[in-house]
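As given, the protein sequences belong to chains A and H, one line each in that order.
The opening residue of the first sequence carries number 1 in full-length UniProt numbering; numbering runs sequentially from there.
The opening residue of the second sequence carries number 1 in full-length UniProt numbering; numbering runs sequentially from there.
The beta carbon of each residue, even a glycine, is placed where N, CA and C say it ideally should be.
The model shown is predicted, which means the values in this text are computed figures rather than measured ones.
Here the structure is laid out as structure tokens; the discussion comes afterwards.
2 protein chains.
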Amino acid sequence: MAQKPSIPKGTRDFNPEQVAKRNYIFNTIRGAFETYGFQPIETPSFENSETLMGKYGDEGDRLIFKILNSGDFLSKADESAYTEKDSNKLTTSISEKALRYDLTVPFARYVVQHQNEIEFPFKRYQIQPVWRADRPQKGRFREFYQCDADVVGSDSLWQEIEFIQLYDSVFSTLKLEGVTIKINNRKILSGIAEVIGASDKLIDFTVALDKLDKIGEEKVKEEMLGKGISEEGILKLQPLFTLSGSFESQIESLKGILNTSEEGKKGIEELDFINNAITELGLTSATLQLDVTLARGLNYYTGAIFEVAAPKGVQMGSIGGGGRYDDLTGIFGMNNVSGIGISFGLDRIYLVLEELGLFPETVNKNIEVLFINFGDKETLFSLKAIKQIRLQGINAELYPDNAKMKKQMNHANKRNIPFVVLVGEEEMNSNIYTLKNMVSGEQHKVSLEDLINHIK
Amino acid sequence: MAQKPSIPKGTRDFNPEQVAKRNYIFNTIRGAFETYGFQPIETPSFENSETLMGKYGDEGDRLIFKILNSGDFLSKADESAYTEKDSNKLTTSISEKALRYDLTVPFARYVVQHQNEIEFPFKRYQIQPVWRADRPQKGRFREFYQCDADVVGSDSLWQEIEFIQLYDSVFSTLKLEGVTIKINNRKILSGIAEVIGASDKLIDFTVALDKLDKIGEEKVKEEMLGKGISEEGILKLQPLFTLSGSFESQIESLKGILNTSEEGKKGIEELDFINNAITELGLTSATLQLDVTLARGLNYYTGAIFEVAAPKGVQMGSIGGGGRYDDLTGIFGMNNVSGIGISFGLDRIYLVLEELGLFPETVNKNIEVLFINFGDKETLFSLKAIKQIRLQGINAELYPDNAKMKKQMNHANKRNIPFVVLVGEEEMNSNIYTLKNMVSGEQHKVSLEDLINHIK
Numbered sequence: 001m002a003q004k005p006s007i008p009k010g011t012r013d014f015n016p017e018q019v020a021k022r023n024y025i026f027n028t029i030r031g032a033f034e035t036y037g038f039q040p041i042e043t044p045s046f047e048n049s050e051t052l053m054g055k056y057g058d059e060g061d062r063l064i065f066k067i068l069n070s071g072d073f074l075s076k077a078d079e080s081a082y083t084e085k086d087s088n089k090l091t092t093s094i095s096e097k098a099l100r101y102d103l104t105v106p107f108a109r110y111v112v113q114h115q116n117e118i119e120f121p122f123k124r125y126q127i128q129p130v131w132r133a134d135r136p137q138k139g140r141f142r143e144f145y146q147c148d149a150d151v152v153g154s155d156s157l158w159q160e161i162e163f164i165q166l167y168d169s170v171f172s173t174l175k176l177e178g179v180t181i182k183i184n185n186r187k188i189l190s191g192i193a194e195v196i197g198a199s200d201k202l203i204d205f206t207v208a209l210d211k212l213d214k215i216g217e218e219k220v221k222e223e224m225l226g227k228g229i230s231e232e233g234i235l236k237l238q239p240l241f242t243l244s245g246s247f248e249s250q251i252e253s254l255k256g257i258l259n260t261s262e263e264g265k266k267g268i269e270e271l272d273f274i275n276n277a278i279t280e281l282g283l284t285s286a287t288l289q290l291d292v293t294l295a296r297g298l299n300y301y302t303g304a305i306f307e308v309a310a311p312k313g314v315q316m317g318s319i320g321g322g323g324r325y326d327d328l329t330g331i332f333g334m335n336n337v338s339g340i341g342i343s344f345g346l347d348r349i350y351l352v353l354e355e356l357g358l359f360p361e362t363v364n365k366n367i368e369v370l371f372i373n374f375g376d377k378e379t380l381f382s383l384k385a386i387k388q389i390r391l392q393g394i395n396a397e398l399y400p401d402n403a404k405m406k407k408q409m410n411h412a413n414k415r416n417i418p419f420v421v422l423v424g425e426e427e428m429n430s431n432i433y434t435l436k437n438m439v440s441g442e443q444h445k446v447s448l449e450d451l452i453n454h455i456k
Numbered sequence: 001m002a003q004k005p006s007i008p009k010g011t012r013d014f015n016p017e018q019v020a021k022r023n024y025i026f027n028t029i030r031g032a033f034e035t036y037g038f039q040p041i042e043t044p045s046f047e048n049s050e051t052l053m054g055k056y057g058d059e060g061d062r063l064i065f066k067i068l069n070s071g072d073f074l075s076k077a078d079e080s081a082y083t084e085k086d087s088n089k090l091t092t093s094i095s096e097k098a099l100r101y102d103l104t105v106p107f108a109r110y111v112v113q114h115q116n117e118i119e120f121p122f123k124r125y126q127i128q129p130v131w132r133a134d135r136p137q138k139g140r141f142r143e144f145y146q147c148d149a150d151v152v153g154s155d156s157l158w159q160e161i162e163f164i165q166l167y168d169s170v171f172s173t174l175k176l177e178g179v180t181i182k183i184n185n186r187k188i189l190s191g192i193a194e195v196i197g198a199s200d201k202l203i204d205f206t207v208a209l210d211k212l213d214k215i216g217e218e219k220v221k222e223e224m225l226g227k228g229i230s231e232e233g234i235l236k237l238q239p240l241f242t243l244s245g246s247f248e249s250q251i252e253s254l255k256g257i258l259n260t261s262e263e264g265k266k267g268i269e270e271l272d273f274i275n276n277a278i279t280e281l282g283l284t285s286a287t288l289q290l291d292v293t294l295a296r297g298l299n300y301y302t303g304a305i306f307e308v309a310a311p312k313g314v315q316m317g318s319i320g321g322g323g324r325y326d327d328l329t330g331i332f333g334m335n336n337v338s339g340i341g342i343s344f345g346l347d348r349i350y351l352v353l354e355e356l357g358l359f360p361e362t363v364n365k366n367i368e369v370l371f372i373n374f375g376d377k378e379t380l381f382s383l384k385a386i387k388q389i390r391l392q393g394i395n396a397e398l399y400p401d402n403a404k405m406k407k408q409m410n411h412a413n414k415r416n417i418p419f420v421v422l423v424g425e426e427e428m429n430s431n432i433y434t435l436k437n438m439v440s441g442e443q444h445k446v447s448l449e450d451l452i453n454h455i456k
């Protein structure tokens with residue numbers, strides 16, 4: 001019976017133009033990753049459930065797509081969960097596999113599993129889809145790509161510096177000029193919490209501070225008070241709320257605030273080192289900015305924290321982020337492996353490039369020339385020419401049917417094919433091709449060699 | 001708690017070398033697809049279950065991976081199935097989505113869903129993973145890629161001809177010379193069944209005939225007899241069993257066998273047309289061969305049937321296949337859309353190239369030059385040079401830590417990095433770089449410009 005076809009909510013079909021535009025971004029990111037010495041790996045779309053579950057918090061566990069066991073899965077169902085009809089409890093006994101939720105946990109699993117084959121420091125990149133059972137909304141999907149680059153096995157700060165260069169390189173190549181690379185350091189946040197006597201409230205404190213942009217100074221202070229941070233402590237924070245100006249002047253202010261915290265001073269030292277190197281090396285089109293309110297799921301990060309903002313004037317959340325984590329592989333039993341990584345947000349970058357009209361005009365160039373079909377004899381002759389043209393790497397197409405001329409020309413127009421070739425009796429006899437430029441409408445009679453040169 | 005990490009059976013991690021080799025094949029296929037005028041589309045990894053179920057037979061339904069509904073899925077579970085503990089019956093009420101099983105059904109769904117945006121004839125290609133809960137074995141996986149090109153909206157035989165050229169082009173570019181492109185036509189098989197009075201047993205007849213290679217003439221005849229095909233009919237088949245020689249001579253024999261079947265004669269005409277064009281156009285390294293025993297899940301195909309065999313001497317099943325189907329989109333309510341398509345078997349092609357040593361030596365070329373780290377001052381100086389080198393598109397890496405020289409050189413060796421650059425006090429003062437060739441062991445002092453030219 002005929003069905004009205006549709007796709008699951010939160011998923012997308014991509015048509016040729018969309019695939020071409022997405023590949024333009026993927027290829028740019030991939031090219032930069034490789035230029036910077038990262039090597040690609042790929043991991044399976046689904047992992048054993050125990051690899052993923054418990055790694056992303058309760059909310060994450062809920063959003064992981066679980067795959068039903070094959071065959072008579074109920075025969076192994078947990079008896080008591082089945083009797084109680086407890087979905088949550090039943091799941092582990094009827095589902096052993098789950099779709100990957102991000103690329104970071106599978107990467108950690110990969111490093112631990114293959115540690116004996118890997119030469120450290122290991123610089124890997126991975127561009128693959130991930131799946132989340134999130135409520136779909138504008139710009140948020142249930143299937144989307146992540147583009148991650150990470151280094152594990154070294155705690156050198158030169159990596160922070162190279163990642164900043166890498167961000168600058170990708171966005172400059174995409175002609176997306178004016179992005180801001182925000183940087184912070186967990187040690188700065190820990191230091192501030194220490195100084196205001198709220199070390200035990202680090203998460204509450206950073207969660208509140210992270211909202212400064214959105215809810216303003218007063219509300220942030222209220223939230224902190226509500227979380228039990230003292231009035232006195234908040235008073236000490238005052239310079240933070242008005243922190244502005246250059247990277248260097250912010251560093252100077254922080255030195256004043258954090259002069260009693262060893263950890264805070266270490267954070268300042270790291271930021272200073274990174275900023276000095278970037279100043280010496282220069283960025284092409286991005287700006288590096290210190291943002292002491294930046295936290296990004298702090299629990300995860302142990303040092304640098306990155307986030308990339310689209311150019312001013314574009315309403316869009318972060319288009320990239322990352323940071324240093326010092327014990328990622330610990331969850332799989334391999335300790336003391338320092339790591340740092342960054343990620344690019346493909347879908348948001350796509351929307352920004354679209355909004356600013358930054359996709360190159362040629363991005364959707366597909367077929368360069370269409371041969372009109374005048375019948376079998378002419379077509380065989382045409383295919384000989386097409387064969388030579390394709391050997392030159394030119395994308396060429398034959399209209400498969402001997403349809404009306406108008407229909408075939410319409411096809412060329414609708415497909416945005418710039419050149420059309422007409423081969424009739426006369427052309428076959430003189431071994432000459434009529435080449436029509438579909439933009440200008442001009443027609444020329446040319447040899448095959450000239451035809452190839454013209455299209456090239 | 002630490003877990004010993006592993007991945008689900010039938011899935012694979014790909015290390016950088018494997019990704020590079022796979023991409024070499026993907027890029028070759030993609031390049032040929034585009035040269036021949038195919039445009040890429042992508043569809044979601046999972047589809048609504050009703051899109052997939054019932055399209056691949058009972059066995060297929062069983063092998064489709066189902067995704068468990070999110071949240072309290074048991075609240076909507078079918079009451080009677082739950083009471084009966086009937087896994088099969090329960091599935092539809094607790095799982096609404098499933099991982100795609102192939103690219104053909106999602107493509108049909110895409111064409112019907114987007115028919116108003118598509119300009120026909122529509123030449124699309126799609127290179128994406130599919131999932132099957134098959135028993136894993138050598139060369140058979142639960143997650144694997146398919147590489148498909150199809151045209152819908154035209155029944156022109158010139159497409160059969162172009163697909164043969166496309167196969168030849170891909171395998172020639174891969175330097176996999178000597179593949180055999182086998183062709184048959186459903187109309188030939190129908191014609192034969194008609195002639196021997198077994199039209200009602202077409203499937204039984206072709207299933208038996210398809211085994212000729214494996215079980216031999218006598219056993220094929222036995223099977224046919226067992227399926228109720230008459231002795232007299234089988235006698236008429238005799239010329240088929242000894243059919244050999246050139247395409248043309250086989251066509252001549254078929255003309256004798258099929259002279260009373262209109263459908264058979266049509267099949268001969270089609271094969272003749274295709275063979276004549278290919279003879280005129282020539283193939284680069286493949287051979288076109290008529291194989292009247294070729295059936296490949298006949299129900300599906302209505303005209304040409306293709307299968308590609310690896311070069312003689314390589315033990316490997318088919319490395320590609322396809323054919324013409326005349327009503328693929330009918331399952332989604334869109335009738336009379338003729339289609340034809342071919343597929344490349346990535347994993348098998350990989351194994352063949354590996355066995356024959358056909359991957360280019362440069363396929364795993366990643367980093368071209370490593371800068372040794374002698375300390376922060378030297379590294380900052382090095383990064384300025386690395387920046388210039390990367391701008392030239394050369395993959396360059398800085399060793400992140402100021403480790404012992406020997407350790408850093410070992411890293412270069414293990415990673416197969418061909419050049420290493422040493423920058424110390426002397427080099428910084430004179431703006432000269434010491435370039436070491438890791439293969440020959442030679443060392444030169446060069447300017448940055450010479451360094452770049454040397455590596456290029």
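>> If I measure Cβ to Cβ from P121/H and keep anything under 6 Å in the same chain, skipping five residues before and after, which residues do I get?
In response: So the list reads V151, G153, S154, once near-sequence residues are dropped.
> From N364/A to Y125/H, what distance separates their C-alpha atoms?
Replying inline: Cα to Cα, N364/A sits roughly 15 Å from Y125/H.
> Within 10 angstroms of its Cβ, does P360/A collect 16 or more other Cβ (buried), or is it exposed?
Replying inline: In summary, P360/A is exposed, with fewer than 16 beta-carbon neighbours lying within 10 Å of its beta-carbon over all protein chains present.
> Taking the beta strand (DSSP E) that V308/A falls in, what are its first and last residues?
Replying inline: Segment 304-309, the beta strand (DSSP E) holding V308/A.
> Is the Cβ of S400/A closer than 8 Å to any Cβ of chain H?
Replying inline: Here residue 400/A turns out to be Pro, not Ser, going by the sequence shown. Taking 8 Å as the CB threshold, P400/A lines the interface with chain H.
> When the Cα of W131/A is compared with those of S95/A, Q146/A, E280/A, which residue comes out closest?
Replying inline: Nearest of S95/A, Q146/A, E280/A to W131/A, Cα basis: Q146/A.
> What residues from chain H crowd round P16/A, counting only those whose CB sits closer than 8 Å?
Replying inline: Within chain H, the residues near P16/A are Q39, P40, I41, R124.
>> Buried or exposed for N336/H, going by 16 or more other Cβ atoms inside 10 Å?
In response: Classification for N336/H: exposed.
> Relative to chain A, which residues along the stretch 356-377 of chain H have a C-beta separation below 7 Å, given in chain order?
Replying inline: Flagged, chain order: N366, I367.
>> Restricting to Cα atoms, I'd like to know which of K201/H, D200/H, Y82/H, E223/H is closest to K211/H.
In response: Taking only the C-alpha atoms, the option nearest K211/H is E223/H.
> Closer than 7 Å, Cβ to any Cβ of chain A: which residues of the stretch 101-112 of chain H, in chain order?
Replying inline: Near chain A, meaning a CB-to-CB distance below 7 Å, the residues of the stretch 101-112 of chain H are R109, Y110, V112.
> Counting contacts by CB-CB distance shorter than 8 Å, is L380/H in contact with chain A?
Replying inline: Yes, contact with chain A.
> Which residues, taken in chain order from the stretch 406-417 of chain H, show a beta carbon closer than 8 Å to some beta carbon of chain A?
Replying inline: Hits within the stretch, in order: H411, K414, R415.
> What does L159/H touch in chain A if you count any residue whose Cβ is under 8 Å from its own?
Replying inline: The sequence shown places Gln at residue 159/H, rather than the Leu named in the question. Think of a sphere of 8 Å around the beta carbon of Q159/H: the chain A residues whose beta carbon falls inside it are P400, in chain order.
> What do you reckon, are the CB atoms on L271/A and L290/A nearer than 8 Å?
Replying inline: Yes, the pair counts as a contact, with Cβ atoms nearer than the cut-off.
> Counting only runs that start and end within the stretch 209-274 of chain H, where is the beta strand (DSSP E) found for 3 or more residues in a row?
Replying inline: Whole beta strand (DSSP E) segments, 3+ residues: zero.
> What residues in its chain sit with their C-beta under 7 Å from that of E378/A, if we drop five residues either side in the sequence?
Replying inline: Take E378/A, set aside five residues on each side of it, and the residues of its chain with a beta-carbon closer than 7 Å to its own are V423, G424, M428, in chain order.
>> Quick check on the DSSP output: the alpha helix (DSSP H) that includes N88/A runs from which residue to which?
In response: N88/A -> alpha helix (DSSP H) spans 87-94.
> List, in order along the chain, the chain A residues whose C-beta lies closer than 8 Å to that of D13/H?
Replying inline: What D13/H touches in chain A: I41, E42, T43, P44, Y110, Q113, H114.
>> Please classify I215/H as buried or exposed, where buried requires at least 16 neighbouring CB atoms within 10 angstroms.
In response: Exposed, by the Cβ-count rule.
> Does the Cβ-Cβ distance between L380/A and A277/H come in under 8 Å?
Replying inline: It is a contact, given that the beta carbons lie within the stated cut-off.
> How far does the beta strand (DSSP E) with K411/H in it reach, from first residue to last?
Replying inline: Here residue 411/H turns out to be His, not Lys, going by the sequence shown. Residue range 405-414 is occupied by the alpha helix (DSSP H) that includes H411/H, with no beta strand (DSSP E) assigned at that position.
>> Just checking: is the beta-carbon of Y325/H within a distance shorter than 8 Å of some beta-carbon in chain A?
In response: No Cβ of chain A is located within less than 8 Å of the beta carbon of Y325/H.
> By DSSP, does M1/H sit in helix, in strand, or in coil?
Replying inline: Bear in mind that a pLDDT of 43 at M1/H, under 50, signals an unreliable position, so the number given afterwards is only what the model happens to contain. The answer is coil: DSSP assigns M1/H none of H, G, I, E or B.
> So what does K66/A bridge to, in DSSP terms?
Replying inline: Residue pairing of K66/A in beta bridges, as defined by DSSP: A98/A.
>> With a threshold of 8 Å between beta-carbons, can A277/H be considered close to chain A, or not?
In response: Taking Cβ atoms only, chain A reaches closer than 8 Å to A277/H, which makes this a yes.
>> Do G264/H and G191/H count as a contact pair if the criterion is CB distance below 8 Å?
In response: The answer is yes: Cβ separation under 8 Å.
>> Comparing C-alpha positions only, which one of K182/H, Q408/H, E262/H sits nearest to A293/H?
In response: First, the amino acid is wrong: residue 293/H is Thr here, not Ala. Cα-wise, what sits closest to T293/H is K182/H.
>> Bridge partners for P16/A per DSSP, in chain order?
In response: Paired residue(s): none; P16/A is not in a bridge.
> Mind pulling the chain A residues with CB within less than 8 Å of I67/H?
Replying inline: What I67/H touches in chain A: F65, K66, I67, L68, L99.
> According to the neighbour-count rule (16 or more other Cβ atoms, all chains shown, within 10 Å of its Cβ), is L235/A buried or exposed?
Replying inline: Around the beta carbon of L235/A, a 10 Å sphere encloses fewer than 16 other beta carbons of the protein chains shown; the residue is thus reported as exposed.
>> Determine, for A396/H, whether the minimum Cβ-Cβ distance to residues of chain A falls below 8 Å.
In response: A396/H counts as touching chain A.
>> Could you tell me the alpha carbon to alpha carbon distance between N453/A and V421/A, rounded to whole angstroms?
In response: N453/A and V421/A: Cα-Cα distance of roughly 14 Å.
> Should R135/H go down as buried or exposed, given a rule of 16 or more other Cβ atoms within 10 Å for buried?
Replying inline: By the beta-carbon neighbour count (other beta carbons within 10 angstroms, threshold 16), R135/H is exposed.
>> So, at 6 Å on beta carbons, what are the nonlocal neighbours of D326/A in its own chain, with the 5 sequence-adjacent residues on each side left out?
In response: Cβ neighbours of D326/A beyond the five flanking positions: T302, S338.
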